[in-house]
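For the sequence shown, my numbering gives the first residue as 79, with consecutive numbering after it.
We put the beta carbon where it would ideally sit given N, CA and C, even for glycine.
Quantities reported herein were computed from a predicted structural model and do not represent experimental measurements.
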Amino acid sequence: MFHRNEGTVDRAVRLTLGAVLLPTGLLVLDGLQGGAVGLVLSAIGLFGLVSGTTGFCPLYLPFGFSTARRDDSNLELIK
79 MFHRNEGTVD
89 RAVRLTLGAV
99 LLPTGLLVLD
109 GLQGGAVGLV
119 LSAIGLFGLV
129 SGTTGFCPLY
139 LPFGFSTARR
149 DDSNLELIK
């Protein structure tokens, strides 16, 4: 159904930033208490973690963009 459109470096950057932004937004910037900045930062971090884990970024689709190598992009994520 969905094909990978993220390369190895792209995925590593997303996972690293997601692992930093999610707890920072929730704990440091009061996202758990409903702070707007913390919630936004946490959402960005969660998106980075999910897209980095799956190798698929829905924001790349409208632009036809891909950082994956051609042989990696043919792997299906969800059948």
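| Item | Value |
| --- | --- |
| Counted within 10 angstroms of its Cβ, other Cβ atoms place L110 as buried (16 or more) or exposed | exposed |
| Residue from I122, R147, G142 whose Cα sits closest to the Cα of L93 | I122 |
| Neighbourhood of V125 by C-beta, 7 Å cutoff - its chain only, sequence neighbours within 5 removed | In the sequence as presented, Val is not what sits at residue 125; that position holds Phe. Once the five neighbours on either side are set aside, F125 has no close Cβ partner at all. |
| Boundaries of the alpha helix (DSSP H) in which L93 is found, first to last residue | 86-101 |
| Cβ pair L127, A97 closer than 8 Å | yes |
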